[in-house]
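For reference, the structure is listed below as structure tokens.
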Amino acid sequence: MRFQRAAVLSLLVLGLLTAGMSFWLAREARWKQPLYCMQVQGQVWGTVPVPAGATPACPESQTVREEVRRGESRLEQYELRGWQPAPVLDALVAGGFSVVSRIPDDGIQEAAVLARGKERLTYVADRMGEDTLVSITTRGGR
């Protein structure tokens, strides 16, 4: 009886250790992935689906990766074919954000500050050759 109890207890402890290690490894694996900066895959800022034609991206910089990992900043990027500054911005507005201030599209860049409750985002769409790179950022953003 004693042996059975010890065996069951040992299996329980081993199971808990395995589950804890699996959880930790899964969480740490995010930081090795190309899309490490996306908190909710398939959604813009965790609110609405990524617009058609927008491809999620994250900077390759180790410095940025570490800032995001430490929670010092939050960042999402999207690449779009052609000059399309509006689709991702429109998605954020549909997700409940309002435009607080805006630098209008000048054919090279469009920028805006958005708010939802106490949350503030900076939205910048840059022309990259013929295409568009959208960056959404905030400081301290887990």
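Residue numbers for the sequence shown follow my numbering, beginning at -19 and rising by one.
For glycine and all other residues, C-beta sits at the position ideal for the given N, C-alpha and C.
None of these values were measured; they are calculated from a predicted model.
- Between the beta-carbon of isoleucine 116 and that of glutamate 52 there is about 16 Å, and that puts the pair past the 8 Å contact cut.
- Annotation: the continuous beta strand (DSSP E) that includes valine 80 extends over 78 to 83.
- In the assembly as shown, alanine 92 is a buried residue. Its beta-carbon has 16 or more other beta-carbons within 10 Å.
- Taking C-beta atoms as the reference points, alanine 34 and leucine 15 fail to come closer than 9 Å.
- Just so you know, the alpha carbons of isoleucine 88 and threonine 102 end up roughly 17 Å apart.
- Scanning its chain for C-beta atoms nearer than 6 Å, with the 5 sequence neighbours on each side dropped, one finds around phenylalanine 77 the residues Leu94, Arg96, in chain order.
- For aspartate 106, the enclosing beta strand (DSSP E) begins and ends at 99 to 108.
- Per DSSP, valine 30 lies in no beta strand (DSSP E) and is assigned neither H nor E.
- Ranking Glu99, Gly75, Gln64 by CA distance to the CA of aspartate 85 puts Gln64 first.
- For proline 39, the CB contacts under 8 Å within the same chain, skipping 5 residues up- and downstream, are Cys17, Arg45, Leu55, Gln57 in chain order.
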